[in-house]
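Since the structure comes first, as structure tokens, the remarks are kept for the end.
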Amino acid sequence: MTKIVRIEDMPQYVGEEVTLRGWLHHKTDKGRLQFLQIRDGTGIAQAVVFKRNVSPQAFKSARRLSQESSLIVTGVVRHDSRAPGVPGGYELDVRDLEVIQFAQDYPITPKEHGIDFLLDRRHLWIRSSRQWAILRIRAEIIKAIRDWLDDHGFLLVDTPILTPSAAEGTSTLFPTDYHGTPAYLTQSGQLYNEANIFAFGKVYCFGPTFRAEKSKTRRHLQEFWMVEPEIAFCQLDELMEIEEQFVSYIVQTVLRERANELKVLKRDLSRLEAVQPPFPRISYDEAVEMINKAAAKGETVPPNDEPVVPITWGDDFGAPHETYIAMQFDCPVFVHHYPSEAKAFYMEPEPDRPEVCRSVDLLAPEGYGEITGGSERMSDPELLIEAIRKHHLPEDAYAWYIDLRRYGSVPHSGFGLGIERMVAWLCGVDHVRETIPYPRMLNRIYP
Ligand code: 4AD
Ligand code: MG
């Protein structure tokens, strides 16, 4: 038995006989030479089957191979800088080949397919190179997130998925029945994170979150993954410092660890290399002014040359507004001090100017939109009760949350980073539907 190796490890085995196990990605038939592109999940390698080097049976099988047939091949690893697939150029000089199953009529062929056709076949589409690269980068982003937080004193504390109350507004709740009482799928673990900091100081939760978003956009999913760090004794400036270190680390780690995948996606790396702290910071007021100047000049934003329309102070930004602001900077940009009315109930108002709150959103460059949302949290119990009433939220459901302000309340802050937005930005993918293995969208829950 020869050693079974993974395609990404092939460079370590030059001159040795090894076995690869995988699926046929593509084949070029040159008569006595069959060039097989084999994928095994870690990469794609070329396996060269020369009639003279294999048994007649093995050669016949190689000729018959169709896309996505499963197979095991044994051969000698050769270095050839011209060989496609494995970075640096490595291929397999095949000595034996065994087909496990001949796949028939695989529906996703190298020709162009429509997006609905592909989404209906998402269970197969994830095998394609582009999707493979995106989902490998997603996993790397998640690893970088966990590594950074674990190494910077944040404790992972899991928060519930089934919850009795809203964290981010009642209009996007997914209701469910909890043995006769109404319950909702969580929109955010933040409120529980706020309890957890009083026990552990710095915490984070990471999991799926749910929003019944009623509109179709390229940035919204019904189910998305969010990492939410929360920090005791932390105010807005420090929060921004944490965020810029954290986001830069993720970007630089992906550049280093997933260069091959970024190449598959033809990502412009120079834009990502520029992401280094500190990030620019502008207030909501300044952003409004920038937008209204641009609107007056008739400026438009990519990808569809949408006009930058004027904005009234107090309104939330639309996607073209965010894109316009982000386009003015090389790094992600912080927009802080949004109008209190436009934000969630728990945000700390600015004491001298309560119409704005100590909130901060981070907008990604190149028009990928808001990647994090965060704030300083209200720490006064009376102010919080007032805010809960003002937002018409059921006070009893938040009794425990108000309690946190009664036993050693401290200034504290946190933020949430949407994984799919981060993946879309780093991969240069214009719609979040490709950034999660099985997207849940307004009109889609299959497969
Ligand atoms: O700005 P959001 O709603 O903030 C919160 O949920 C806070 N409780 C977080 C916190 O302070 N702990 O969401 C945070 C991020 C957004 O910036 C965005 O990246 C992402 O989550 N996000 C979505 N991603 C995909 N689909 C959706 N429907 C999203 N809604 C928010
Ligand atoms: Mg937000």
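Heads up: the sequence shown runs through residues 313 to 759, numbered per our numbering. Note that the Cβ used here is the ideal one computed from N, Cα and C, for glycine as well. It should be emphasised that the depicted structure is a prediction, and the values quoted were computed from it without experimental measurement.
- Looking from the CA of PRO749, the closest CA among ASN755, VAL735 and MET602 belongs to VAL735.
- Exclusion of the five residues before and after ALA599 leaves ILE637 and VAL647 as the residues of its chain whose Cβ lies within less than 7 angstroms of its Cβ.
- Between VAL645 and PHE591, the C-beta spacing is below 8 angstroms.
- Remark: the C-beta of ASP627 is outside contact range of the ligand MG, defined as less than 7 angstroms to any heavy atom.
- The C-alpha of TYR418 is placed about 51 angstroms away from the C-alpha of ALA507.
- For CYS643, there is no enclosing alpha helix (DSSP H), as DSSP gives it neither H nor E.
- Annotation: TYR504 is outside any beta strand (DSSP E); the continuous alpha helix (DSSP H) that includes it extends over 502 to 512.
- With 6 angstroms as the limit, the residues whose C-beta approaches a heavy atom of the ligand MG more closely than that are ASP673, GLU682 and GLY685, in chain order.
- The stretch 332 to 339 and the stretch 366 to 373 do not touch, with fewer than 3 CB-CB distances between them shorter than 8 angstroms.
- For MET659, the distance from the CB to the nearest heavy atom of the ligand 4AD is not below 7 angstroms.
- ILE384 and THR331 have their C-alpha atoms roughly 7 angstroms apart.
- Annotated three-state conformation of ASP692 is coil, per DSSP.
- Here PHE558 is actually not in contact with LYS514; their C-beta atoms are around 12 angstroms apart, not less than 8 angstroms.
- Across the structure, ILE594 and LEU497 are spaced so that their CA atoms are roughly 34 angstroms apart.
- For VAL600, there is no enclosing beta strand (DSSP E); the enclosing alpha helix (DSSP H) covers residues 596 to 608.
- If you check the CB distance, ILE683 and LEU716 do not come in under 8 angstroms.
- A Cβ-Cβ distance of about 5 angstroms is found for the pair THR354 and ILE319, placing them in contact under the 8 angstroms criterion.
- In the structure shown, LYS372 falls within a helical segment according to DSSP collapsed to helix, strand and coil.
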